[in-house]
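Protein chains in written order, with my numbering: chain P, 202 to 346; chain Z, 443 to 839. The beta-carbon is built from N, C-alpha and C at its ideal position, and this holds for glycine as well. All of these numbers come straight from a predicted model, not from anything done at the bench. Working notes, structure below.
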């Protein structure tokens, strides 16, 4: 185990150092631009996105009187992450005026349909969950659906 | 302000920053991080290998000569590259969420432990920075948004090595912990911090499933430009698959600054081999034997689409100047703006019977934005190397 770990660490360091070597070979101007993005990404995540997530959870837990149903949390996770990663497309950040084949959908409508569908599934799953819990408590066979 | 006062104030300030133990949720546990990490590692592995294949396809003289068959190879590997990168984003966000308290852990007091911790934190900083960089730059590139000043392909390639190298180090460092938590039930408290006393609204299992669901939904909503079956449901796909000649375009003739030259009656194609030279008008090219092949356009952004191309077989054209087999060909475009105005087609593509100097697309005259008067189309080549608006072909020695 120790030998394997030692080998993997040496291999990993070797591979990463090769990457640094290739990056340095691309010139000083390229390095500064790349470093800005490398550091900027971490700062944006750790300094902005993570605290916002913590704050949102905090507010929700204070506002909601009881624990949120599982489908609501999973639905929120799906909606927030997918929206975040679709945002460059939804906001049409890469739009080129003379190219009709690029960003050629109505992404606002797409997002509304996606959000609506998520909401629908979350509502259905929550109601189903409540009913089965109720049956579980009232009926002779707890947990049976 | 005295030195003692400064120290006291600094310590008071540090005390206001939350500590690792201020996070009491049982969800932010190694059991969750390791399980999401396995899927994330799988995505990174696929991304890395398909990325290396893409790099091989781009360089003129790669480590291994890029094959011309199967014709859909690059289409599949690059589609997989973008899909696995997309799938990784929700997983990375959940993984970072699960380990976030670690960032705020107070450093150990002993010098020896401090040194080990500093080394581990350096490797994790490299891993996190490289991971965010790769996924963000890849995502923006797929959405055709380039808000940076670095050379995308070369930088994305070099940072991939840093990401994979630091990932291997991370796995090696955490191996005993990974083994312990994966061997135990997900809800068990193995390696949990003592401060994890809060009761979360969902189970750890539900959180991991939620992360995988988010990852799958992300792929479904994005991958339509790669997988034709998903075209209708991929509401966030940057391309619906339409365009001139029923095929999308990356760079238009206007964007390449060659509209006038491409439409000019003075257009000529010059074919050179050593001292031999032939010049063709478009009408003369149309008089040569025409062939029709179905070949895909597959771009680095992950989008691809099959099309029917008609034109002169490149090999037939080269035979006219007596060029032998096994020679690379330099193609020069009319474009005045943008990269890849000149490309080199390796000999295996030059000699392939499917490689065409295309004059027509899907039964119509080649549209201007697809490279009118003539463009290259070869099997299993990245789209940007399928040079458009060709004015010169030179057989290299």
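Contacts that residue 314 of chain P makes with chain Z (C-beta to C-beta distance below 8 angstroms): The count along the first chain starts at 1 and reaches residue 314 of chain P at position 113. Neighbours of residue 314 of chain P on chain Z, chain order: 677.
Contact set for residue 469 of chain Z: own chain, Cβ-Cβ below 8 angstroms, skip 5 residues either direction: Counting from one through the second chain, the residue named residue 469 of chain Z turns up at place 27. If we look at residue 469 of chain Z and ignore the five residues flanking it on each side, its Cβ neighbours are 540, 642, 644, 646, 649.
Chain Z contact residues for residue 290 of chain P, given Cβ-Cβ distances below 7 angstroms: Position 89 of the first chain, counting from 1, holds the residue named residue 290 of chain P. The answer, in chain order, is 585, 678, 680.
Per-residue contacts from residue 694 of chain Z into chain P (C-beta, under 7 angstroms): As a working mapping, residue 694 of chain Z is identified with position 252 in the second chain. The answer, in chain order, is 299, 300.
Exposed unless 16 or more other CB atoms sit within 10 angstroms - verdict on residue 345 of chain P: Here residue 345 of chain P corresponds to residue number 144 of the first chain, with the count starting at 1. Any answer about residue 345 of chain P is weak, because its pLDDT of 39 lies below 50 and its placement is not dependable; what the coordinates show is given next. That one is exposed.
Of the residues P/203, P/206, P/218, P/204, the one placed nearest residue 603 of chain Z, counting alpha carbons only: As a working mapping, residue 603 of chain Z is identified with position 161 in the second chain. When each option's Cα is compared against that of residue 603 of chain Z, the closest is P/218.
Separation of residue 266 of chain P from residue 341 of chain P, as counted between CA atoms: For the purposes of this step, residue 341 of chain P is taken as the residue at position 140 of the first chain. For the purposes of this step, residue 266 of chain P is taken as the residue at position 65 of the first chain. At residue 341 of chain P, the pLDDT of 44 sits below 50, so the modelled position is not reliable; the number obtained from the coordinates is stated separately. About 30 angstroms.
Residues bridged to residue 836 of chain Z [DSSP beta-bridge criterion]: In the second chain, residue 836 of chain Z corresponds to position 394, counting from 1. Paired residues: Z/714, Z/772.
Beta-carbon proximity list for residue 765 of chain Z, same chain, < 6 angstroms, skipping 5 on both sides: Reading the second chain from its first residue, position 323 is the one you call residue 765 of chain Z. Closer than 6 angstroms at Cβ, skipping near neighbours: 715, 837.
Opening and closing residue of the alpha helix (DSSP H) in which residue 659 of chain Z lies: Taking the second chain and counting its residues from 1, one reaches residue 659 of chain Z at position 217. 646-664 is the span of the alpha helix (DSSP H), which, as asked, contains residue 659 of chain Z.
Helix, strand or coil at residue 461 of chain Z [DSSP, three-state]: Numbered from 1 along the second chain, position 19 holds the residue referred to as residue 461 of chain Z. DSSP places residue 461 of chain Z in coil when its eight states are reduced to three.
Per DSSP, the bridge partner or partners of residue 799 of chain Z: By 1-based counting over the second chain, the position of residue 799 of chain Z is 357. DSSP lists Z/754, Z/818 as partners of residue 799 of chain Z.
Residue 794 of chain Z classed as buried or exposed, judged by whether at least 16 other C-beta atoms fall within 10 angstroms: Mapped onto the second chain, residue 794 of chain Z falls at position 352. Buried.
Residue environment, residue 557 of chain Z, which counts as buried when at least 16 other CB atoms sit within 10 Å: On the second chain, residue 557 of chain Z is found 115 positions in, with the first residue counted as 1. Residue 557 of chain Z comes out exposed.
Residue 276 of chain P versus residue 596 of chain Z: straight-line alpha-carbon distance, rounded: On the first chain, residue 276 of chain P is found 75 positions in, with the first residue counted as 1. On the second chain, residue 596 of chain Z is found 154 positions in, with the first residue counted as 1. Looking at the two C-alpha atoms, the distance is approximately 38 angstroms.
Amino acids of chain P, ordered along the chain, whose beta-carbon sits closer than 9 angstroms to that of residue 491 of chain Z: What you label residue 491 of chain Z is simply residue 49 of the second chain in a count that begins at 1. Result: empty, since nearest Cβ-Cβ is about 13 angstroms, beyond 9 angstroms.
Runs of beta strand (DSSP E) wholly within the region 261-333 of chain P (minimum 3 residues, chain order): none
Neighbour flag for residue 640 of chain Z against chain P, beta carbons, 7 angstroms: The count along the second chain starts at 1 and reaches residue 640 of chain Z at position 198. So, not an interface residue.
Contact under 7 angstroms by Cβ, residue 295 of chain P with residue 698 of chain Z: The count along the first chain starts at 1 and reaches residue 295 of chain P at position 94. The count along the second chain starts at 1 and reaches residue 698 of chain Z at position 256. No, these two residues do not count as a Cβ contact at 7 angstroms.
Boundaries (first-last residue) of the alpha helix (DSSP H) holding residue 729 of chain Z: Start at 1 with the first residue of the second chain, and residue 729 of chain Z comes out as number 287. Counting along the chain, the alpha helix (DSSP H) containing residue 729 of chain Z begins and ends at 724-729.
Any C-beta of chain Z under 7 angstroms from that of residue 322 of chain P: Position 121 of the first chain, counting from 1, holds the residue named residue 322 of chain P. It does not; no Cβ of chain Z falls within 7 angstroms.
Proximity of residue 513 of chain Z and residue 243 of chain P at Cβ, strictly below 7 angstroms: The count along the second chain starts at 1 and reaches residue 513 of chain Z at position 71. The count along the first chain starts at 1 and reaches residue 243 of chain P at position 42. Cβ atoms of residue 513 of chain Z and residue 243 of chain P: not closer than 7 angstroms.
Residue-level contact to chain P via CB, residue 658 of chain Z, 7 angstroms cutoff: In the second chain, counting from the first residue as 1, residue 658 of chain Z sits at position 216. Not closer than 7 angstroms to any Cβ of chain P, the Cβ of residue 658 of chain Z fails to qualify, so no.
4-residue-minimum alpha helix (DSSP H) runs that sit fully inside the region 491-557 of chain Z, ordered along the chain: 515-545
Chain P contact for residue 819 of chain Z (CB, 7 angstroms cutoff): Here residue 819 of chain Z refers to the residue found at position 377 when the second chain is read from its first residue. For residue 819 of chain Z, the answer is no, since every Cβ of chain P falls outside 7 angstroms of its Cβ.
Per-residue DSSP class, three states only, for residue 897 of chain Z: No answer is possible for residue 897 of chain Z: it lies beyond the span of chain Z, which begins at 443 and ends at 839.
Any beta strand (DSSP E) of 3 or more consecutive residues that is wholly inside the region 603-653 of chain Z: none
Rounded Cβ spacing between residue 278 of chain P and residue 656 of chain Z (contact assumed at less than 8 angstroms): Counting from one through the first chain, the residue named residue 278 of chain P turns up at place 77. Counting from one through the second chain, the residue named residue 656 of chain Z turns up at place 214. Sure, about 5 angstroms apart at Cβ, within 8 angstroms.
Limits of the unbroken beta strand (DSSP E) element including residue 786 of chain Z: For the purposes of this step, residue 786 of chain Z is taken as residue 344 along the second chain, with counting starting at 1. Per DSSP, residue 786 of chain Z belongs to the beta strand (DSSP E) from 784-787.
Cβ neighbour criterion (16 or more within 10 Å) applied to residue 448 of chain Z: Position 6 of the second chain, counted from the first residue, corresponds to residue 448 of chain Z. Label assigned to residue 448 of chain Z: exposed.
Exposure of residue 343 of chain P, with buried meaning 16 or more beta-carbon neighbours within 10 Å: One-based indexing of the first chain puts residue 343 of chain P at position 142. Note that residue 343 of chain P scores 41 on pLDDT, short of 50, meaning its location in the model is unreliable; the coordinates nonetheless yield the value given after this. The residue is exposed, with fewer than 16 neighbouring Cβ atoms inside 10 Å.
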